[in-house]
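So that you can map any letter, position 25 of the sequence shown is 25 in the numbering used here, and since no number is skipped, the others follow by simple counting.
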Amino acid sequence: MEDIGIGRRIEILREEHRDLDIAIEAMGDAPAADQLALARLKKRKLRLRDEIALLEDQLIPDIIA
């Protein structure tokens, strides 16, 4: 049951990550891109990637060697 919640959260975060990709690309194409806003978007995208990785790790059971 918990895996379903984590899986759904990962889907939401991946969608937000893709949306940030689009926003970053659009801002980069603008001639007078706001560099501070662009840096913030990129930082948010990195945090999302890290959060996705942590959640994915929770889905993989620990293997005791």
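Positions of the beta carbon are idealized from the N, C-alpha and C atoms, including for glycine.
Contact belief for residue i with residue j at Cβ below 8 Å, rounded distance in angstroms
i	j	result
L38	M27	5 Å
R8	I52	Between I52 and R8 the Cβ distance is about 13 Å, and since that is not below 8 Å, they are no contact.
I24	K43	Going by Cβ atoms, the distance from I24 to K43 rounds to 11 Å, so no, they are not a contact pair.
Span of the alpha helix (DSSP H), counted from its first residue to its last, around residue i
i	result
D34	From DSSP, D34 is part of no alpha helix (DSSP H); its letter is neither H nor E.
Distance between residue j and residue i (C-alpha atoms, nearest Å)
i	j	result
I6	I12	10 Å
K45	H17	6 Å
L48	L59	17 Å
D50	A30	28 Å
M1	P61	Any answer about M1 is weak, because its pLDDT of 46 lies below 50 and its placement is not dependable; what the coordinates show is given next. Approximately 15 Å between the Cα atoms of the pair.
L54	L36	27 Å
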